[in-house]
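Participant: Protein chains in written order, with the numbering used here: chain P, 332 to 878; chain H, 42 to 383.
Where is the CB? At the ideal position from N, CA and C, for every residue including glycine.
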Amino acid sequence: MDPNALILARLQFAFTISFHIIFPAFSIGLSAYVATLLVLWKRTGQGHFHRLARFWTKVFAVSFAMGVVSGIPLSYQFGTNWAHFSAVAGNVIGPLIGYEVMTAFFLEATFLGVMLFGWHRVSPWLHVTSAILVALGTAISGFWILSANSWMHTPDGYVLHAGIAYPEDWWRVIFNPSFPYRFAHMMTAAYLTTSVVVLAAGARYLIRNEFEAEGRTMMRMGVGMLAILGPIQLLLGDQHGLNTLQHQPAKIAAIEAHWEDNGPADLVLFALPDAAAEKNRVAITVPHLGSLILTHSWDGRFAGLKDFPRDQRPPVASIFFAFRLMVATGMLLIAMGLVGVVLWWRKQLFTTKWYLHFTARAWFLGFIAILAGWLTTESGRQPYVVYGILRTDQALSPVSSATISASLTLFVLVYCVVFSIGIYYIHRLIWNGPKGEAVKPTALPEGLPNRPLSVADKPTREASGQNPHPPGHATQQREGSRPTDLSTRAPVVGPPPDPATPYPDGTQSPDQAHTPEGLRPSGQPAHEPEETPPSDPAPHDPEEPKS
Amino acid sequence: MIPTDLTGPAFWFPLICAAIIALAVAMYVVLDGFDLGVGILFPYFPQEVQRDQTMNSVAPFWDGNETWLVLGGTGLFVAFPLAYSIVMPALYVPLMLMLLALVFRGVAFEFRWVAKPSHQKWDIAFAAGSTLAAFCQGLMLGGLLNGIQVDGDHFGGGAFDWFSPFSLMCGFGLVIGYAFLGACWLIMKTVEGVERIARRLARPLFVTFLIFIVVVSVWTPLEFDRIAARWFTTPNMYYLIPVPGITVILAVICWRGIVGEHPSLAFIGAVGLFVMAFVGLFISTMPYLVPPSITLWQAAASPKAQGFILAGMSFMVPIILAYTVFVYQTFRGKVRPGEGYH
Chain P
332 MDPNALILAR
342 LQFAFTISFH
352 IIFPAFSIGL
362 SAYVATLLVL
372 WKRTGQGHFH
382 RLARFWTKVF
392 AVSFAMGVVS
402 GIPLSYQFGT
412 NWAHFSAVAG
422 NVIGPLIGYE
432 VMTAFFLEAT
442 FLGVMLFGWH
452 RVSPWLHVTS
462 AILVALGTAI
472 SGFWILSANS
482 WMHTPDGYVL
492 HAGIAYPEDW
502 WRVIFNPSFP
512 YRFAHMMTAA
522 YLTTSVVVLA
532 AGARYLIRNE
542 FEAEGRTMMR
552 MGVGMLAILG
562 PIQLLLGDQH
572 GLNTLQHQPA
582 KIAAIEAHWE
592 DNGPADLVLF
602 ALPDAAAEKN
612 RVAITVPHLG
622 SLILTHSWDG
632 RFAGLKDFPR
642 DQRPPVASIF
652 FAFRLMVATG
662 MLLIAMGLVG
672 VVLWWRKQLF
682 TTKWYLHFTA
692 RAWFLGFIAI
702 LAGWLTTESG
712 RQPYVVYGIL
722 RTDQALSPVS
732 SATISASLTL
742 FVLVYCVVFS
752 IGIYYIHRLI
762 WNGPKGEAVK
772 PTALPEGLPN
782 RPLSVADKPT
792 REASGQNPHP
802 PGHATQQREG
812 SRPTDLSTRA
822 PVVGPPPDPA
832 TPYPDGTQSP
842 DQAHTPEGLR
852 PSGQPAHEPE
862 ETPPSDPAPH
872 DPEEPKS
Chain H
42 MIPTDLTGPA
52 FWFPLICAAI
62 IALAVAMYVV
72 LDGFDLGVGI
82 LFPYFPQEVQ
92 RDQTMNSVAP
102 FWDGNETWLV
112 LGGTGLFVAF
122 PLAYSIVMPA
132 LYVPLMLMLL
142 ALVFRGVAFE
152 FRWVAKPSHQ
162 KWDIAFAAGS
172 TLAAFCQGLM
182 LGGLLNGIQV
192 DGDHFGGGAF
202 DWFSPFSLMC
212 GFGLVIGYAF
222 LGACWLIMKT
232 VEGVERIARR
242 LARPLFVTFL
252 IFIVVVSVWT
262 PLEFDRIAAR
272 WFTTPNMYYL
282 IPVPGITVIL
292 AVICWRGIVG
302 EHPSLAFIGA
312 VGLFVMAFVG
322 LFISTMPYLV
332 PPSITLWQAA
342 ASPKAQGFIL
352 AGMSFMVPII
362 LAYTVFVYQT
372 FRGKVRPGEG
382 YH
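#1: Name, going along the chain, the residues of the segment 397-412 of chain P whose beta-carbon falls closer than 9 angstroms to a beta-carbon of chain H.
#2: When DSSP labels each residue in this structure, what does THR231(H) get in the three-state scheme?
#3: Can you tell me whether LYS684(P) is buried or exposed, with buried defined as 16 or more other CB within 10 angstroms of its CB?
#4: Please check the pair HIS571(P) and ARG513(P), which I expect to be a contact at CB under 8 angstroms, by giving their CB distance rounded to whole angstroms.
#5: Quick one: is LEU136(H) near chain P, going by C-beta distance under 8 angstroms?
#6: If you measure beta-carbon to beta-carbon, which residues of the segment 431-456 of chain P are closer than 9 angstroms to chain H?
#7: Please report the distance separating the alpha-carbon of ILE559(P) from that of THR708(P).
#8: I'd like to know whether the C-beta of LYS345(H) is nearer than 8 angstroms to at least one C-beta of chain P.
#9: Should LEU227(H) be labelled buried (16 or more other beta-carbon atoms within 10 Å of its own) or exposed?
#10: Please decide whether ILE299(H) counts as near chain P, where near means a Cβ-Cβ distance under 8 angstroms.
#11: Please report how far the alpha carbon of PRO304(H) lies from the alpha carbon of MET317(H), in whole angstroms.
#12: Per DSSP, what are the beta-bridge partners of ALA297(P) in this structure?
#13: Could you tell me which residues DSSP puts in a beta bridge with ILE615(P)?
#14: Determine the burial state of ASN507(P): buried for a count of at least 16 other Cβ atoms within 10 Å of its Cβ, exposed for fewer.
#15: Taking 7 angstroms as the limit between beta carbons, can you name the residues of its chain near PRO334(P), skipping five residues before and five after?
#16: Please list, in chain order, all residues of the same chain as PHE196(H) whose beta carbon is under 6 angstroms from its beta carbon, the five residues on each side excluded.
#17: Would you say HIS303(H) lies against chain P (beta-carbon separation less than 8 angstroms)?
#18: I think LEU314(H) touches LEU330(H), with their Cβ atoms under 8 angstroms apart; what is that distance to the nearest whole Å?
#19: Assign PRO835(P) to one of two classes, buried (16 or more other C-beta atoms within 10 Å of its C-beta) or exposed (fewer than that).
#20: If I measure Cβ to Cβ from ALA466(P) and keep anything under 7 angstroms in the same chain, skipping five residues before and after, which residues do I get?
#21: Is the number of C-beta pairs between the segment 318-329 of chain H and the segment 88-106 of chain H that are closer than 8 angstroms three or more?
#22: Would you call the segment 201-213 of chain H and the segment 180-188 of chain H in contact, with 3 or more CB pairs under 8 angstroms?
#23: Reducing DSSP to helix, strand and coil, say where THR734(P) ends up.
#24: Run through chain H and tell me which residues come within less than 7 angstroms of TRP501(P), C-beta to C-beta.
#25: Can you check whether the CB of VAL613(P) is closer than 8 angstroms to the CB of ALA602(P)?
#26: Determine, using beta carbons only, whether VAL312(H) and VAL119(H) come nearer to each other than 8 angstroms.
#27: Which class does PHE681(P) belong to by DSSP, given the choice of helix, strand or coil?
#28: What are the boundary residues of the alpha helix (DSSP H) that ILE359(P) is part of?
#29: Return helix, strand or coil for HIS516(P), following the three-state DSSP convention.
#30: For the alpha helix (DSSP H) that contains TYR364(H), what are its first and last residues?
#31: Determine whether the Cβ of LEU246(H) lies closer than 8 angstroms to any Cβ atom of chain P.
#32: State buried or exposed for MET667(P), treating a residue as buried only when at least 16 other CB atoms are found within 10 Å of its CB.
#33: My understanding is that THR441(P) touches GLY105(H), with C-beta atoms under 8 angstroms, so please give their C-beta distance in whole angstroms.
#34: Helix, strand or coil for PRO827(P) per DSSP?
#35: Could you name the residues of chain P that ASP104(H) contacts, counting a contact when the two beta carbons are closer than 9 angstroms?
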C-alpha cells in the first residue's frame, strides 16, 4: 500500500465532495422554496411571488447545473480510487445509489427541463407540478444518498462472507440506526442554509431600497424558517448526538476531546487536544455539562478516547474544532431567527439597520455549518470507511500516487476556476435582483417565450449586465427570427403578440417577444421582454394547447 | 463460459441486469452522442448565431442525457461490483479526463451566454470538452476490448495499459461517430444555414464512420481470437448474419436522409447504425464484463442485491423512458435561427 496514494485519494474525495455538497444543499432548499413561491402565486395571485419564483428559478438553474457536473465524478470515484470499498460494500450500498439515480436523478433532470423551459410550453398547472416534482426529486436524492452514507456509519442488515458485505434485510439496511437522525439533520440543514441565503438577499434589497415588496417577503420567509427550523435543528442535533454515542462512541469522545472516563464528564468548551500526549493542553471546561448533554443526566458516564486502542481512534483535533464551528454557527443562526422574530413582532424587522446589515452579510453561514458538520461526522468515522467493517487504508484502488496526484491537481484547478466563476454569476444574479412585471396566475404567465430553453443562460447574461450581441448582428438576424409557417411549429403557447400594443418597456416591436434575448438591438434593457405581460392575457387563447 | 451450474436467480438476474445496463449505455451513447457531436462540430459553424442555434438544439436535453451515464456507472457498481472495482482503476486516466471534459462542456451551456460578447473561451470549452469526452470514451472502449489484466480480484496492470493503437483508433472512431450523429441531429433540428452546413458535413462523416465500423469489424476478430470464434464459427455465423445485413440497410437509409429532403431520416438511420455497432460489440464481448477473464456471472453482486435493484428497475426504467419521451415530445420541432423552442 502506497501511503501517499491513500492520503491523496482521501484528499481528492474530500475536495470533490466538499465542493459538490455546496450545490445540492442549496438546490434542495431552493427547489422547495421555488415550488412554495409558485404555489403561493397560484393561490394568491400576487405578482411579487411570481417575480420571486422566476428570479430564484434562475439562481436554481445555475446552481443545479454545477451540482450535476460536480456530482458525476463522485459516482465514478468509488471505483477509480476506492475499488476495494466498492467490492466490499457494493452489494449493500450500490443498490441504494442505484435507487437514487432511478427515483431521483431522472425525476430532477426531466422536470427541471419542464420547470426551466416550460413556462410557456405546458399548462401552468403542469409547470407548478414540475417545480414540486423537482423539489421532491432533490429530497428523494437526499433520502437515498444519506441512507447509503448512514449505512457506512452504522452498518446494519448485512452479513459478512469472506470480508464482503451481503445484504440480509433491506429494511434494516435502508433504515439503519443513524439514518433517520442524519436524514432529518441534513435536510433541515439544507432548508436552513437556503433560508439564510434568501434572508440575506432580502436584507440587501431593503438596504438598497430596491425590490421592497420582494425583499420584505424574502425576509419574512427567511426569518420565519430560521425561527422554526433553527430550534428544531438543535433538537435534532442533540438526538443525533445521542445516537452517535450509542453506535460510534469513539466519534463522540473525539468531538468532546474526552480522553478518560473517570467520572462525570466536563463539557470542554475550548481546548487544544494533543493526540500524542492523550490529553488536552489548554482547556476551558464546565463541570457535569458534558454528561448532561450526552447522557441527559447529571452524573452520566461515557467512554473516553483512551478506552479505544490508538489505531481505532479518529483524529481528534479536526473533529473537535469542526464540531465547535458547526455548533457555534448553528447557535448564531438560531439567534438570528429569534431576534428577527422579535423585531418582526415589534414591526421593526425592515427598519433595524444593524440587523439588515448583519443578515445581508451572513448568507454563507449555513454552508459553513454544513461543511463543518460533514467534516465532523466523516472524520469521526475514521479510521474506518465502513464503520467496523472496512478500514479506509484498505479500501483503496491499486492505483499509483502519481496518477492520483495528477488527477487531484486537475480537479483542484478545474473546480476552482469553473465553480468560482459560477458562484460569481450567482452572486451577480442576486445582486441584480428580481426584476420584471407582475403577472397574474390566471393567465399564462407571459408573452411568447423568446428562448424558453435558456432560463439558465438568461440569468447569466443578466448577471453579466452586457448586451450579448453587437447591434449590427442583431438587425441582420431579426429578419429570420419570425417563423413563417406556424402550423409546422410545436405547440405555440401563449397569445401572439399584438402589433398595436406598445410594450411596457416602451418598445413597439412585437417581434421582441419572438426575438431571443441575445438578438435584441442594444440600448434596450436586457431583461425586460421575457417578463413582459402578454398583451392579451386571455387563458382561452386559440393557440393554447388543450392540456 | 456460460455457467452450467447456476440456476434460477443466480443465472437469470445477472443476465437481466447486464441487459438493462447495456440499455442504459446504449441510451447514453445515442443521446449524449448527438449532443457531444454537436459540440464536436461547433467550430464548423463560423457565425455566432449558427452556434447559438446548434447549442439551443440540445440545451433542454443534455442534462437528462448525461443522467444515463450515471445510470450506466452506478448500474455497474450496483449489479457487478467486482467488474466495477476492476474496470474503473484500469481506465482511470481516460475516465478522469472524460469527467473533467464533461465539466467544461456542461457549464459552457450556461456560462457561454454570460461572457458575450467575449464568449470565445466558452465556445472553446464547449467544443474541446465535447471532443475530449468523446475521445476518452473511445479510449475506454478500446481499452476494455483490449482486455484488462486481473490479479485475483483486483486490477493488476499499470496506469497506461489501456493505451494501444487499437484504443487510439477507437478514440478517433468515436469522435467521428458522435460528430456524424450530431450532424444528423442538426439536419433534423435546424434550418437554413446550419442545416446546410450539417448536410455538407454529414457526407464525409458518414463515409469515415462506415470505414471505422468496417475497420473495427475486421481488426477485432484478427486481433482477438475469442471474437473471431464468436463470429466465424458455425452455427453462430448463421445467427449473426443479420447484424451486418441490417447495418447495410440502415446505412442506405441514412445516406438517403443525408442527400434527400426528409428531415429526420438521416438521424434515424444514424441512431440505427450506432445501435447496430453497439449490438455488434455486445455480441463480441459477451459474456465477459472484464474481457478476457471475468464473466458477468463471476462479477455479479449477490442475487439478493440484484433482485432488490431489479425490482426497482422493472418499474422505474419504463417510467424514466416515459419521461424521456415526454421531454423530447415537449421540445420537438426544428429550432429556427434565434427562435429557440416554440
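Facilitator: Put simply:
#1: Cβ contacts with chain H: MET397, VAL399, VAL400, SER401, GLY402, ILE403, PRO404, SER406, TYR407, GLN408, PHE409, GLY410, THR411 and ASN412.
#2: In the structure shown, THR231(H) falls within a strand segment according to DSSP collapsed to helix, strand and coil.
#3: With fewer than 16 other Cβ atoms within 10 Å, it is exposed.
#4: With 8 angstroms as the limit, HIS571(P) and ARG513(P) qualify as a contact, their Cβ atoms being about 7 angstroms apart.
#5: Yes, contact with chain P.
#6: Going along the segment 431-456 of chain P in chain order, one finds GLU431, VAL432, MET433, THR434, PHE436, PHE437, LEU438, GLU439, ALA440, THR441, PHE442, LEU443, GLY444, VAL445, LEU447, PHE448, GLY449, HIS451, ARG452 and VAL453 with a Cβ nearer than 9 angstroms to chain H.
#7: Those two C-alpha atoms are separated by around 25 angstroms.
#8: For LYS345(H), the nearest beta carbon of chain P is closer than 8 angstroms to its own beta carbon.
#9: Only buried fits LEU227(H), as 16 or more other CB atoms lie within 10 angstroms of its CB.
#10: Not one chain P Cβ lies under 8 angstroms of ILE299(H).
#11: Looking at the two C-alpha atoms, the distance is approximately 22 angstroms.
#12: Residue 297(P) lies beyond the range of chain P shown here (332 to 878); nothing can be said about it.
#13: Under the DSSP definition of a beta bridge, ILE615(P) partners with PHE601(P).
#14: Per the 10 Å Cβ criterion, buried.
#15: Annotation for PRO334(P): no residue places its beta carbon closer than 7 angstroms to its own, counting only its chain and skipping 5 residues before and after.
#16: Excluding positions up to five away in sequence, the list reads ILE127, PRO130 and ALA131.
#17: With 8 angstroms as the cut-off, HIS303(H) does not count as an interface residue toward chain P.
#18: Contact doesn't hold; Cβ gap of about 25 angstroms is too wide.
#19: Residue confidence for PRO835(P) is low, a pLDDT of 39 falling below 50, so the modelled location carries little weight; the figure read from the coordinates is stated next. With fewer than 16 other Cβ atoms from the protein chains shown falling within 10 Å of its own Cβ, PRO835(P) counts as exposed.
#20: Contacts found: SER362, ALA363 and ALA366.
#21: Put simply, the segment 318-329 of chain H does not touch the segment 88-106 of chain H. Fewer than three CB pairs are less than 8 angstroms apart.
#22: Contact holds: three or more Cβ-Cβ distances are below 8 angstroms.
#23: In the structure shown, the three-state DSSP call for THR734(P) is helix.
#24: Chain order gives the chain H residues near TRP501(P) as PHE349, where near means a beta carbon separation below 7 angstroms.
#25: Closer than 8 angstroms, so yes.
#26: Contact annotation: VAL312(H) and VAL119(H) have beta-carbon atoms that are not nearer than 8 angstroms.
#27: In the structure shown, PHE681(P) sits in coil (DSSP, three-state: anything other than H, G, I, E or B).
#28: 334-375 is the span of the alpha helix (DSSP H), which, as asked, contains ILE359(P).
#29: Residue state, collapsed to three classes: helix.
#30: Its alpha helix (DSSP H) spans residues 344-371.
#31: It does not: the Cβ of LEU246(H) has no partner Cβ on chain P nearer than 8 angstroms.
#32: Buried.
#33: Cβ atoms of THR441(P) and GLY105(H) come within 8 angstroms of each other, at about 6 angstroms.
#34: Here the model assigns PRO827(P) a pLDDT of 40, short of 50, so the residue's position is not dependable and the matter cannot be decided.
#35: Going along chain P in sequence order, the residues near ASP104(H) (Cβ under 9 angstroms) are PHE395, ALA396, VAL399, GLU439, ALA440, THR441, LEU443 and GLY444.
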